[in-house]
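Q:
Residue numbers (my numbering): 534 to 688.
In structure tokens, the structure reads:
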């Protein structure tokens, strides 16, 4: 519906049509290219158009792809695993030597204890069975003079 609540447009609405004004075609002449030595291009470049206008702007260098990192022939994971294996073998060898050392030390201490027991036991045996012992301290029993009555020993 329209503002006057009818189904017809009001007559005071005027429609104006604007047509664009065509520009005269410009002669397509390539812009002059000034030969420049490579590596001497300035940061700001200027181009003179055929109608005499000068356009100034920054020179855009073409994008270069980033260099691809050279991968080593052997992966780092493989190198780490190999080094871990070498370290494990070195530790196992060291533990084997340590175990052998502990076993030898245990055998040596055991032999020292046995030697001390033999020497001390021999000394005690000599003290008990020697004729040079303390004679007054013990009781001497003469079995030949003893009388045995009814399975009872009287000495």
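All C-beta atoms in this analysis are idealised placements derived from N, C-alpha and C, irrespective of residue type, glycine included.
1) Rounded to the nearest angstrom, what separates residue 662 and residue 633 at their Cα positions?
2) Run through the DSSP bridge pairs and tell me what residue 633 is partnered with.
3) Per DSSP, which one or two residues make a beta bridge with residue 580?
4) Whole-angstrom Cβ separation of residue 590 and residue 578, contact assumed at under 8 Å?
5) Going by DSSP in three states, residue 596 sits in which element: helix, strand or coil?
6) My output table needs one value for residue 559: the three-state DSSP class, helix, strand or coil.
A: Checking against the coordinates, here is how it stands:
1) Going by C-alpha positions, residue 662 is about 43 Å away from residue 633.
2) According to DSSP, which records beta bridges pairwise, residue 633 is partnered with nothing at all.
3) Paired residue(s): 588.
4) By a beta-carbon distance limit of 8 Å, residue 590 contacts residue 578. Their separation comes to about 6 Å.
5) Secondary structure of residue 596 (DSSP, three-state): coil.
6) Coil at residue 559, not helix or strand.
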